[in-house]
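Here the structure comes first, spelled out in structure tokens, and everything after it is commentary.
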Amino acid sequence: MREVVVLGVGMHRFGKTGDEAVGNKSVTELCRAAVDMALKDAGVSWRQIEAVSAASSRFSGGKGWGLNGNDVVEDLGGTGVPVYNLSAGCAAGGNAFNVGYSLVAGGIYDMMLVVGGEVMPRGMIQTSGVEDAADPEFLRQRCVGMPGPSFWATLARRRMHDHGTTEEQMARVTVKARQCAVGNPYARFRKAVTVEEVLASPYVSDPLRLFEICPVSNGAAAAVICSAAMARRFTRRPITVATSTVATIAFDDALPRSLAGPVPAGPSLHTEARAAVLRAFERAGIGPREIGFTELQDNTCYYELAFPEEWGLCEAGEAERLVEAGETAPGGRMPINPSGGFVSFGEATTAMGVFQIAELTWQLRGEAGARQVPDARVGLAQTNGLGGNATAAILKR
Amino acid sequence: MSELREPCVPGLFTEEGGASLLGARCRSCGTPYFPAPSHCRNPSCAESALEPQAFGGGGTLWSYSVANFAPPAPHRFDEPFRPYVIGVVDLDQGLRVVGQMVGEAADMRVGARVDLVVAPIYHEDGKAFTSWKFELSRGSREHA
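Line order of the protein sequences matches chains A and B.
The first sequence begins at 1430 in the working numbering and counts up one residue at a time.
The second sequence begins at 4 in the working numbering and counts up one residue at a time.
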């Protein structure tokens, strides 16, 4: 395995169709902006890219087949490069990064482009794309009607039961997230909010409120990665990919993802996310307490409380106190989502794994401005996707 | 009961002899399933030996939430949309199941005893389309 580095990153500001951030730009235009920025940041030309690893979308572009990498290549000008289109629900961007990383680490290519972009339809994500009684996700939506926010809300309610978490404590996660986003030019929501404003926002799925759940967004992100040996020709301060991992859900996962499962003997955890992150710790030889900051998939503020505990970044039941003490802010002991997170960006579903790589890179270079984690040296990224997919990556300088 | 009732998806549950979910259990490893798969999916199971099993009766509310806004397709509901409670229930038979709750959120609490029922979730073509739901047990209702 060769050492792999991130040479350049790019992003298009996130927004909603028709707003000042994204207007009516197509997913191809959003991706183009992110890719141009990443290439310029890396100091390489499109013709030097040897392969493309892209996140497949079911919502935009890709000719309806998830061929989103092919769209990008067509737009940049066909050079005959190999294209890998990776589908993993909302974890697709993380999967695309993992495949790019693996191919460079394995010596197949020296220089690759990783990209993800979305133009999302309005409203809650339609999780099942088929009307098929053999599809458990179809049955779950037809027979029950449990969209993403209600799944997260049941977990949040259970946490309130187990740990005495209050609605105010959950609101404080959003307040912290939005404060970070004030300093992020790529965030969709860049206005600070108060606990009172969060608690005055309507329930989307009681106990979770509008300001505590990420909406869908349009946006794109890109990264140029290469071998450490090749990087020496381009930069003196590359960001090293300590590892990148992928995992899927375990049979004994007890969370209500489908219609039914066995009542567990032990705790109910996100087994796919935990497996990806613990595998990353192991492969990088970097323990949870050595992680300087984390970008995790905060579809709702609940995850900023639950995930750090599930991965050993802090003790079980400790997260609320850390939030209240400001320890999850960029200047704290356990910074979580200094970018502002999904709650501030909205979710451009398949772009998010690459979005995290961009933020980790800016933080590790010390280029994150007002949201900078002081002396950031090691960052963890994590995504989750429908179907029981998860990814993790650890970057360091 | 005058209205015509029809399951929203056929073959998953029944009202005859009491509400029950038509699932399966593996005789080898004891894993319960709903719906019934074609074979046991437990990677630690030595040999798949599925037999049909009906799941019903009582359980405990593990958690719940409210659909405050109408979910997107393929969910179906009666207009105007009325928020409903979604429960995650640990049936005494060892199966954790999601389903709509009969009743209001204010009456729910984690740990409450509930029973499986079959009830309409939407109406179409003059028929009531049913699904499985959970209802607070008599004792739980009184203490709520």
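We put the CB at the ideal spot given by N, CA and C, even for glycine.
Separation of residue j from residue i, as counted between CA atoms
i                       : j                       : result
residue 1649 of chain A : residue 1599 of chain A : 28 Å
residue 122 of chain B  : residue 1813 of chain A : 34 Å
residue 48 of chain B   : residue 32 of chain B   : 6 Å
residue 128 of chain B  : residue 7 of chain B    : 10 Å
residue 1704 of chain A : residue 1676 of chain A : 6 Å
residue 1608 of chain A : residue 1623 of chain A : 10 Å
residue 1460 of chain A : residue 142 of chain B  : 58 Å
residue 1480 of chain A : residue 1542 of chain A : 6 Å
residue 107 of chain B  : residue 1493 of chain A : 41 Å
residue 1663 of chain A : residue 1465 of chain A : 17 Å
residue 1709 of chain A : residue 1670 of chain A : 11 Å
residue 104 of chain B  : residue 88 of chain B   : 5 Å
residue 77 of chain B   : residue 1639 of chain A : 23 Å
residue 1531 of chain A : residue 1469 of chain A : 23 Å
residue 133 of chain B  : residue 1672 of chain A : 49 Å
residue 1432 of chain A : residue 1534 of chain A : 6 Å
residue 1625 of chain A : residue 1631 of chain A : 12 Å
residue 69 of chain B   : residue 1582 of chain A : 8 Å
residue 95 of chain B   : residue 1694 of chain A : 13 Å
residue 1495 of chain A : residue 1504 of chain A : 16 Å
residue 1520 of chain A : residue 19 of chain B   : 43 Å
residue 40 of chain B   : residue 1678 of chain A : 18 Å
residue 1796 of chain A : residue 1701 of chain A : 32 Å
residue 1805 of chain A : residue 82 of chain B   : 52 Å
residue 1577 of chain A : residue 1554 of chain A : 7 Å
residue 38 of chain B   : residue 119 of chain B  : 15 Å
residue 84 of chain B   : residue 1539 of chain A : 55 Å
residue 1743 of chain A : residue 1791 of chain A : 25 Å
Element boundaries [beta strand (DSSP E), containing residue i]
i                       : result
residue 1773 of chain A : Looking at the DSSP string, residue 1773 of chain A is not in any beta strand (DSSP E); the run it does join, the alpha helix (DSSP H), is 1770 to 1774.
residue 1581 of chain A : Counting along the chain, residue 1581 of chain A falls outside any beta strand (DSSP E), though it belongs to the alpha helix (DSSP H) covering 1577 to 1592.
residue 1549 of chain A : Element bounds for residue 1549 of chain A: n/a, residue is neither H nor E.
residue 1736 of chain A : It is not in any beta strand (DSSP E) - residue 1736 of chain A instead sits in the alpha helix (DSSP H) that spans 1731 to 1739.
residue 1514 of chain A : 1512 to 1515
residue 1706 of chain A : Element bounds for residue 1706 of chain A: not the beta strand (DSSP E) but the alpha helix (DSSP H), 1700 to 1713.
residue 1762 of chain A : Taken as a continuous stretch (DSSP letters only), residue 1762 of chain A belongs to no beta strand (DSSP E), as it is neither H nor E.
residue 103 of chain B  : 98 to 105
residue 1652 of chain A : 1647 to 1656
residue 1443 of chain A : 1433 to 1444
Extent of the continuous alpha helix (DSSP H) run through residue i
i                       : result
residue 1791 of chain A : 1781 to 1794
residue 49 of chain B   : Counting along the chain, residue 49 of chain B falls outside any alpha helix (DSSP H), and DSSP gives it neither H nor E.
residue 34 of chain B   : It is not in any alpha helix (DSSP H) - residue 34 of chain B carries neither H nor E in the DSSP assignment.
residue 1689 of chain A : Note, residue 1689 of chain A: premise wrong, no alpha helix (DSSP H); beta strand (DSSP E) at 1689 to 1691.
residue 1531 of chain A : 1521 to 1534
residue 8 of chain B    : Premise fails: residue 8 of chain B lies in the beta strand (DSSP E), 7 to 10, not in any alpha helix (DSSP H).
residue 1628 of chain A : 1624 to 1629
residue 1609 of chain A : 1596 to 1611
residue 1377 of chain A : Examination of residue 1377 of chain A is not possible in this model, given that chain A is present from 1430 through 1826 alone.
residue 1458 of chain A : 1456 to 1471
Distance between beta carbons of residue j and residue i, contact taken as under 8 Å
i                       : j                       : result
residue 1651 of chain A : residue 1544 of chain A : 4 Å
residue 1571 of chain A : residue 12 of chain B   : 6 Å
residue 1587 of chain A : residue 113 of chain B  : 7 Å
residue 1579 of chain A : residue 1634 of chain A : 4 Å
residue 27 of chain B   : residue 56 of chain B   : 6 Å
residue 1510 of chain A : residue 1478 of chain A : 6 Å
residue 1789 of chain A : residue 1810 of chain A : 6 Å
residue 1500 of chain A : residue 1506 of chain A : That belief does not hold up - the Cβ atoms of residue 1500 of chain A and residue 1506 of chain A are roughly 13 Å apart, past 8 Å.
residue 1439 of chain A : residue 1463 of chain A : 4 Å
residue 1636 of chain A : residue 1585 of chain A : 6 Å
residue 1820 of chain A : residue 1674 of chain A : 7 Å
Residue(s) in a DSSP beta bridge with residue i
i                       : result
residue 1818 of chain A : A:1677 and A:1814
residue 1829 of chain A : Residue 1829 of chain A falls outside the range modelled here, since chain A spans only 1430 to 1826, and no answer is possible.
residue 126 of chain B  : B:131
residue 63 of chain B   : B:93 and B:116
residue 1726 of chain A : Answer is none; residue 1726 of chain A lacks a bridge partner.
residue 1637 of chain A : A:1634
residue 1482 of chain A : A:1513 and A:1543
residue 68 of chain B   : B:89
residue 25 of chain B   : B:57
heavy atom of the ligand COA below 6 Å from residue i C-beta
i                       : result
residue 1499 of chain A : Within the structure as shown, the ligand COA is missing, as the structure has no ligands at all.
- Query: Can you find at least 3 beta carbon pairs, one from the segment 1614 to 1625 of chain A and one from the segment 1435 to 1446 of chain A, that sit closer than 8 Å?
  - Reply: yes
- Query: If we count Cβ pairs, one from each stretch, closer than 8 Å, do we get three or more for the segment 1688 to 1695 of chain A versus the segment 94 to 112 of chain B?
  - Reply: yes
- Message: Under 8 Å, with one C-beta from each stretch per pair, do the segment 1729 to 1747 of chain A and the segment 1638 to 1646 of chain A reach the 3-pair mark?
- Response: yes
- Three-pair Cβ contact test at 8 Å for the segment 1748 to 1755 of chain A versus the segment 1767 to 1775 of chain A: no
- Query: On the three-pair Cβ rule with 8 Å, is the segment 50 to 69 of chain B touching the segment 1544 to 1562 of chain A?
  - Reply: no
- Could you say if the segment 1792 to 1804 of chain A and the segment 1517 to 1532 of chain A meet the contact criterion of at least three C-beta pairs nearer than 8 Å? no
- Check whether the segment 1655 to 1670 of chain A touches the segment 1463 to 1481 of chain A, counting contact only when three or more Cβ pairs, one atom from each stretch, lie closer than 8 Å. yes
- Query: Does the segment 1737 to 1750 of chain A touch the segment 1777 to 1795 of chain A, meaning 3 or more C-beta pairs lie closer than 8 Å?
  - Reply: no
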